[in-house]
Amino acid sequence: MANTITVAGGGSGHTPGILLTALKFKEDFPIKEVRLYDIDEERNSDMGIIVDYLLKKHNTGIKLVVTEDPEEAFTGCDFVFSQIRTGGMEMREKDEKIPLKYGLVGQETCGLGGFSYGMRSMKDFLEMVGFIEKYAPDAWILNYTNPESIISESVRRQFPNIKIINACDMTIGIEELLENSFGYDRRNFIPQYYGLNHFGWYKELYDVSRGKDVLPEVIEKIKNEGFDVSDMVPSWAHTYRVMEEMVKNIFPDHLPNNYLQYYLYEDKALEEDPNYTRANEVMDSRLKEIKDTVAKIKENRELDTIGYESESHGLYIIQIAISILHNKNDHFMLIVPNKGAIPNLREDAVVEIPCYVNARGVEPTSLRYDIPDLHKGMMEAQVASEKLLVDAFFEQSYQKALEAFALNQTVPNATVAKKILDEFIEANGDYWVDLK
Numbered sequence: 000m001a002n003t004i005t006v007a008g009g010g011s012g013h014t015p016g017i018l019l020t021a022l023k024f025k026e027d028f029p030i031k032e033v034r035l036y037d038i039d040e041e042r043n044s045d046m047g048i049i050v051d052y053l054l055k056k057h058n059t060g061i062k063l064v065v066t067e068d069p070e071e072a073f074t075g076c077d078f079v080f081s082q083i084r085t086g087g088m089e090m091r092e093k094d095e096k097i098p099l100k101y102g103l104v105g106q107e108t109c110g111l112g113g114f115s116y117g118m119r120s121m122k123d124f125l126e127m128v129g130f131i132e133k134y135a136p137d138a139w140i141l142n143y144t145n146p147e148s149i150i151s152e153s154v155r156r157q158f159p160n161i162k163i164i165n166a167c168d169m170t171i172g173i174e175e176l177l178e179n180s181f182g183y184d185r186r187n188f189i190p191q192y193y194g195l196n197h198f199g200w201y202k203e204l205y206d207v208s209r210g211k212d213v214l215p216e217v218i219e220k221i222k223n224e225g226f227d228v229s230d231m232v233p234s235w236a237h238t239y240r241v242m243e244e245m246v247k248n249i250f251p252d253h254l255p256n257n258y259l260q261y262y263l264y265e266d267k268a269l270e271e272d273p274n275y276t277r278a279n280e281v282m283d284s285r286l287k288e289i290k291d292t293v294a295k296i297k298e299n300r301e302l303d304t305i306g307y308e309s310e311s312h313g314l315y316i317i318q319i320a321i322s323i324l325h326n327k328n329d330h331f332m333l334i335v336p337n338k339g340a341i342p343n344l345r346e347d348a349v350v351e352i353p354c355y356v357n358a359r360g361v362e363p364t365s366l367r368y369d370i371p372d373l374h375k376g377m378m379e380a381q382v383a384s385e386k387l388l389v390d391a392f393f394e395q396s397y398q399k400a401l402e403a404f405a406l407n408q409t410v411p412n413a414t415v416a417k418k419i420l421d422e423f424i425e426a427n428g429d430y431w432v433d434l435k
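Numbering follows numbering that gives the first Met the number 0, in which position 188 of the sequence shown is assigned residue number 187; successive positions increment by one, without gaps.
Shown next as structure tokens:
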């Protein structure tokens, strides 16, 4: 039976990649209708032009709906692919640059920028989940909206029975980096990985083609050869150079998630230009590409190509949907309540671990071993600060927000935590709940 999918945050530059990936898997994931839902009418309309071109170019016969109305977007849909970004790139720029003013890490999901984004995201995401519960109670929500640990915790509290899977493709990005740098085939990997979202470690990387754990040799290759970053934009090349340092200096037996640089190598993160952050890169590249593509299509609807391709972001989310539809029980790295999966970590933490996905949903694996104290200590502090932030949201508590900011591991003292919190309150305005 063909499916109706709704892309929430339909105006995102990732939308074409998701759609093109879905079309590649049309036998396993047939689609009868695509709905683009976004509160930004201009962006949604622009992406509608691109998606309409792609659907017609591939002779799909798929119906396209472009809407800013939640009832039209969600009624009767089977899957919601969520990639909303409350405040757009303009607010992301503030998330990144306000902490940088104080000499702190400015990043969209880590540090205080991530907390600012989290407060915005919770408000809109929970409203959207309410719409889905009302108009499509049987739909699966496949969520990419960041920051995912905070989103997941807030949804668990308000909508404990909603059908949602929280997925992040950053581990796929790391495995593709190993593939491109050292010649592995990531499809052969069975990883042992644990952590929080954007905050974790590989303990083992079993390669089925070799019949062994290749992580020790991967670590040696990183130390001796380094990653191939020749085709990367400067910000990502810098990120992976710092990741090499983490492997050499502090995690000799594990492969860390690259985002840990923001907690352990803040000085390296601060080497980048504070006046031109990743938000500026995206605005000058991906957002410009959307506008340029729309102009080309309007000028000539018979174009042979418009430059978009399927991508890992789209592949991951489509493969999860296929595993649900066909009860495949495939293996993914997902964000779930701990519930003992990591034995020596608090039960109510939201963790990122290997899971199986089938028609019933997500079945997490269990590590069956205690994690090292360094990893546990870092994770416990992060979990506590994120839970305080979610408390602040639901209780509209300035005090809880300040506690969350002060506990964040990128913050040196409570004085600067308060200054940045107050500046974020002013910058976000109605995007945040009113803290009292």
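In this text, a Cβ means the ideal position worked out from N, Cα and C, and glycines have one as well.
In the structure shown, Phe158 falls within a coil segment according to DSSP collapsed to helix, strand and coil. In the three-state scheme derived from DSSP, where H, G and I count as helix and E and B as strand, Ser309 is classed as coil. Taking 8 Å as the cut-off, the beta carbon of Tyr355 is found no closer than this to the beta carbon of Ile171. Secondary structure note for Pro190: its beta strand (DSSP E) is the uninterrupted segment 188–195.
Under the 10 Å beta carbon count, Asn142 is surrounded by 16 or more other beta carbons and is classified as buried.
DSSP, reduced to helix, strand and coil, places His330 within a strand of the structure shown. Taking each of Glu298, Ile149, Glu41, Ala1 in turn and checking the Cα distance to Phe198, the smallest one comes out for Ile149.
Assigned with DSSP and collapsed to three states, Tyr275 falls in coil, not helix or strand. Spatial neighbours of Arg91 in its own chain (CB-CB distance under 6 Å, excluding positions within 5 residues in sequence) are listed in chain order as Glu107, Ala278. Inter-residue distance for Gly182 and Asn257 is about 20 Å (C-alpha atoms, whole angstroms). Here the alpha carbons of Gln408 and Arg155 stand approximately 24 Å from one another. Counting along the chain, Pro215 sits inside no beta strand (DSSP E); it lies in the alpha helix (DSSP H) bounded by residues 214–223. By the Cβ neighbour-count rule, His374 is buried, with 16 or more other Cβ atoms within 10 Å of its own. In the same chain as Gly16, and ignoring 5 residues on each side of it, the C-beta atoms closer than 8 Å to its own belong to Tyr307, Glu308, Ser309, Glu310, His312, Gly313, in chain order.
At a Cβ-Cβ threshold of 8 Å, Lys56 and Lys31 do not count as neighbours. At the C-beta level, Leu125 and Val350 stay beyond 8 Å of one another. Thr20 counts as buried, since no fewer than 16 other beta carbons sit within 10 angstroms of its beta carbon. Boundaries of the beta strand (DSSP E) harbouring Leu204: 198–206, taken from the DSSP string. Between Leu35 and Ile419, the C-beta gap is not smaller than 8 Å, which leaves the two residues out of contact. In the DSSP assignment, Lys100 falls outside any beta strand (DSSP E) and lies within the alpha helix (DSSP H) extending over 87–100.
Proximity of the region 93–102 to the region 355–366 falls short of the contact definition, fewer than three beta-carbon pairs being nearer than 8 Å. When the beta-carbon positions are compared, Ile289 and Tyr52 stay at least 8 Å from each other.
Note on geometry: alpha-carbon atoms of Cys109 and Lys417 lie some 17 Å from one another. Linking Asn357 to Leu434 through their CA atoms gives a straight-line distance of about 40 Å. In this structure, Ile164 and Trp200 do not form a Cβ contact; the two beta carbons are roughly 22 Å apart against a cut-off of 8 Å.
For Val241, the enclosing alpha helix (DSSP H) covers residues 233–248. Secondary structure of Phe24 (DSSP, three-state): coil.
Spanning the alpha carbons of Leu54 and Ala391 requires a straight line of approximately 44 Å.
Looking at Gln157, Glu298, Pro190, Lys122, the one whose alpha-carbon comes closest to that of Ile173 is Pro190. The three-state secondary structure of Pro353, taken from DSSP, is strand.
Taking the C-beta atoms as reference points, Lys122 is found no nearer than 8 Å to Val335. In this structure, DSSP gives Pro336 an extended state, which the three-state scheme calls strand. For Val65 and Met127, the gap between their C-alpha atoms comes out near 17 Å.
In the assembly as shown, Thr414 is an exposed residue. Its beta-carbon has fewer than 16 other beta-carbons within 10 Å. Annotation note: the region 119–164 contains the following uninterrupted alpha helix (DSSP H) runs of length 4 or greater, listed N- to C-terminal: 147–157.
The beta carbon of Tyr264 is closer than 6 Å to those of Val241 in its chain, skipping five residues each way along the sequence.
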